[in-house]
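Colleague: Residues 19 to 275 in our numbering are what the sequence shown spells out, letter by letter.
All C-beta atoms in this analysis are idealised placements derived from N, C-alpha and C, irrespective of residue type, glycine included.
Okay, here's the structure, questions in a sec.
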Amino acid sequence: MSVSVTEESFSRQVLERSRELPVVVDFWADWCGPCKALSPALEVAEAARQGKVELVKVDVDANQGLAAQYMVQGIPAVKAFRDGVVVDEFTGALPPARVEAFFDKLVPSRGDELLAAGDELSLCEAAELDPARADVAVALAKARLERGAEDEALEAVKGHDGDFAAAGIAARISLSRAGLGVEAFAALDRGERDAALDALIQTLTEVNHSGEGPTGDLDPEETRDLLRRAIVGILSEADPSDPKSRAYRRKLAAALG
Numbered sequence: 019m020s021v022s023v024t025e026e027s028f029s030r031q032v033l034e035r036s037r038e039l040p041v042v043v044d045f046w047a048d049w050c051g052p053c054k055a056l057s058p059a060l061e062v063a064e065a066a067r068q069g070k071v072e073l074v075k076v077d078v079d080a081n082q083g084l085a086a087q088y089m090v091q092g093i094p095a096v097k098a099f100r101d102g103v104v105v106d107e108f109t110g111a112l113p114p115a116r117v118e119a120f121f122d123k124l125v126p127s128r129g130d131e132l133l134a135a136g137d138e139l140s141l142c143e144a145a146e147l148d149p150a151r152a153d154v155a156v157a158l159a160k161a162r163l164e165r166g167a168e169d170e171a172l173e174a175v176k177g178h179d180g181d182f183a184a185a186g187i188a189a190r191i192s193l194s195r196a197g198l199g200v201e202a203f204a205a206l207d208r209g210e211r212d213a214a215l216d217a218l219i220q221t222l223t224e225v226n227h228s229g230e231g232p233t234g235d236l237d238p239e240e241t242r243d244l245l246r247r248a249i250v251g252i253l254s255e256a257d258p259s260d261p262k263s264r265a266y267r268r269k270l271a272a273a274l275g
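Below, the structure is given as structure tokens:
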């Protein structure tokens, strides 16, 4: 249940409190029909997050100074505070689904918490909660690869072909089973990303330019495509503004010819 905040208590109940957890402020008025329509959705969203976010109300008629300070030009006006500043806001009576999405951006979902935990059991639960999350699928596949469970890793990224990192893991497994890139992927697992990329791009260059080179049991065209996907998958998880990442993208383009 939300509490009422005044100009006198705003600093303590909103600004200071928001340094501990997000505080959502509902600027409203008793005469405002849309405000009353929005309130239940706000309260449900707060309750669903079990103390991870607080909801307070500011009557704009009784606290005109606050309304002016935070440039409230229409109500209901909802503003989310974190660390003493507004980090997100909306105006008007949004439908419940959009209110939930607003709160989701402030408070990590259960899936986010499980992903942050990082162990395979947590990642399995996260994947069950939201099978569409490619980041969870990739993390789960990596955890399974750490114990050599390639079939289970492939199952984790199944259906995520549109995600570069997921497609890269599937390509890695196909290459490894053909005896290709084994040392490169071992380097990647040790955290030696540059060494892994150098080795994979060198192999791609040999196959692409000569039609020969190491291909294992795969034909050259299939090998090229798998190497490309594996390299792109690794680069997709790097900071795109990193000069090294940009350099490796250029090397990949050159290797592809």
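Expressed to the nearest angstrom, what Euclidean distance is found between the alpha-carbon atoms of glycine 209 and valine 62?
Modeller: Cα to Cα, glycine 209 sits roughly 44 Å from valine 62.
Colleague: For glutamine 82 and arginine 162, I'd like the C-alpha separation in whole angstroms.
Modeller: Near 57 Å, if we compare the C-alpha coordinates of arginine 162 and glutamine 82.
Colleague: In whole angstroms, what is the alpha-carbon distance linking proline 261 and alanine 214?
Modeller: Cα to Cα, the separation comes out at about 17 Å.
Colleague: Taking three-plus beta-carbon pairs below 8 Å as touching, is the segment 88 to 105 in contact with the segment 44 to 61?
Modeller: Short answer: they touch.
Colleague: Anyone know if the C-beta pair for phenylalanine 120 and valine 32 falls short of 7 Å?
Modeller: No, Cβ-Cβ distance for phenylalanine 120 and valine 32 is not below 7 Å.
Colleague: Once DSSP output is grouped into helix, strand and coil, what is the label at serine 140?
Modeller: It is helical.
Colleague: Does the pairing of the segment 147 to 155 with the segment 174 to 187 give three or more beta-carbon distances under 8 Å?
Modeller: Output reads yes: the segment 174 to 187 touches the segment 147 to 155.
Colleague: Mind checking who serine 22 pairs with in its DSSP beta bridge?
Modeller: Per DSSP, Lys75.
Colleague: Report the partner residues of threonine 109 according to the DSSP bridge assignment.
Modeller: Answer is Ala95.
Colleague: Classify proline 58 as buried or exposed, calling it buried when 16 or more other Cβ atoms lie within 10 Å of its own Cβ.
Modeller: So proline 58 counts as exposed.
Colleague: By the DSSP assignment, the beta strand (DSSP E) with valine 43 in it spans what residues?
Modeller: Start and end: 41 to 46.
Colleague: Taking buried to mean at least 16 other C-beta atoms within 10 Å of its own C-beta, is glycine 199 buried or exposed?
Modeller: Buried, since its Cβ has 16 or more Cβ neighbours within 10 Å.
Colleague: How would you call aspartate 77, buried or exposed, if buried means at least 16 neighbouring beta carbons within 10 angstroms?
Modeller: Its Cβ being crowded by 16 or more others within 10 Å, aspartate 77 is buried.
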